[in-house]
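Be aware that the sequence shown starts at 0, since it is given in numbering that gives the first Met the number 0, and climbs by one per residue.
Glycine included, C-beta positions come from ideal geometry on N, C-alpha and C.
Read the structure below first, then the notes.
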Amino acid sequence: MDSSTEIKTGFSLWWHKFQVYGGAFLLGCIVIVMCINMYIRVSASSYLREREQAPQADVAIILGASVYNNGTLSRALEDRTLGAIALYEKKTVKKILVSADSVQAGRKEVNAVVSYLKNYGIPEADIVTDEGGIDTYHS
């Protein structure tokens, strides 16, 4: 018998089954994640707009995200902040609400975003803070 027709036994049989079932499981997980992502995109599409198409509103809300130890905003938080600044500068919104958890983050998120906004020339009178934004639901 040559090696290509050899009967699998012991560890090699276990390894083969692991590869087949593990691969199928992984593929199934990927398909499930893709389906969930597609469902969310389709469900939320009527609520999402480009910044240029945003309707007039009294307030833009910046939800908290990570701030690095040196006080720099994370990429996600900076993007949210820049989006609010753009809406403010276009006069689409009158005020900017910064909502973050000040208890666990020690006001780090709120202070960092407020500082960022002030550096962009947003007047302090037009910046409102919500330090009770424990999570998105509470904000």
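Which term fits T71, buried or exposed, when burial requires 16 or more other beta carbons within 10 angstroms of its beta carbon? exposed
DSSP on I95, reduced to helix/strand/coil? Looking at I95 - three-state DSSP - the assignment turns out to be strand.
What whole-angstrom Cβ distance do D125 and K93 have, given they're in contact under 8 angstroms? Yes, they are in contact, since the Cβ atoms of D125 and K93 sit about 7 angstroms apart, within 8 angstroms.
Beta-bridge partners of L72, as assigned by DSSP: For L72, the beta-bridge partners assigned by DSSP are V66.
To the nearest angstrom, how far is it from the Cα of E88 to the Cα of L116? 12 angstroms
Helix, strand or coil at A111 [DSSP, three-state]: A111 falls in the helix class under three-state DSSP.
Along the chain, where does the beta strand (DSSP E) containing I126 start, and where does it finish? Element bounds for I126: I126 to D129.
Please identify the residue among V109, S11 and Q55 whose C-alpha is closest to the C-alpha of L76. V109
Which stretch, first to last residue, makes up the alpha helix (DSSP H) that contains A53? Run containing A53: none; DSSP gives neither H nor E here.
Does the Cβ of I39 have 16 or more other Cβ atoms within 10 Å, making it buried, or fewer, making it exposed? exposed
N-terminal and C-terminal residue of the alpha helix (DSSP H) that Y38 is part of: G9 to A43
Coil, strand or helix - I61 by DSSP: strand
Own chain residues within Cβ distance below 7 angstroms of T128, not counting five before or after: V97, V109 and V113
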